[in-house]
Structure formats: C-alpha cells, structure tokens
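J.: Before I ask anything, here is the structure I am working with.
In my numbering, the protein residues as written are 24 to 160.
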C-alpha cells in the first residue's frame, strides 16, 4: 500500500470518527425559534417575503466578477514582471485604468446604491399599514 493511499484511508477514518463523536456527544435541544424560518438571521418583515428580487444585487455580482477578473489578469503579470518590461507595465496600467473608469462611472450613476427595506421608515410604513388594516376589520 502506498503512502498516499494510506493517507486517504487514515483521513477518511478520522473524519468518520469525528462525525460519529459529534452526533453522539453534541447536545440536541431543539425549540420553536430554532426551527422557525428566517433568512440571514432576520425574521421576515411585513411585505418582504415573496417579493421580487432586486436587479441591483446582480449589478453588485457583476462588479465583483469584473474586479475578480482584474486580479486574475494582473496576477500573472506580477509573477513575470521582470520578463514583461515596460511594455507589460503600460498594458497593465491601461487595463487597470479602464476598469477603474468603469467603476467610477458606476459610482457616479449611483448604480451601487441599494435602498434597504429594513430601515426604520420602511418598518413604520408597514406598521401603519397593518394598524389601518386591523382597524378596518
């Protein structure tokens, strides 16, 4: 048996042993709040559950992907900076400048601003709606 195979066998045995110990020794005391539905640690506010998903979250995801792509393309340049010379530096500066201009344009258009529906004003509007609904019944 090779050492790599032995390593996989030993790691698998240890993982199964730790999982079994966790199931046996961990305390299990469920209660109603533990099984209640919540998202990101917050209970659903009135009018927020089953609402449409905002497009602005996709914009944030696209900005993240662009900046991630920038890092992915700059990293090889950093590893081979001595072979690239001044030409590689100029190309990287132009690329970084274009990405930065796009980011500044998005900031200028307020494309990255998301209005929170968990703010105090939104909650008070919902509370007023519920109170008027209850009073009308």
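Backbone N, C-alpha and C fix where the C-beta goes; we use that ideal spot for every residue, glycine too.
Whole angstroms is fine: what's the gap from residue 94's alpha carbon to residue 131's?
T.: Taking the straight line from one Cα to the other gives about 23 Å.
J.: Would you identify the three-state DSSP class for residue 45, choosing helix, strand or coil?
T.: If DSSP states are grouped into helix, strand and coil, residue 45 belongs with the helices.
J.: Going by beta-carbon coordinates alone, are residue 80 and residue 135 separated by less than 8 Å?
T.: no
J.: Once DSSP output is grouped into helix, strand and coil, what is the label at residue 85?
T.: helix
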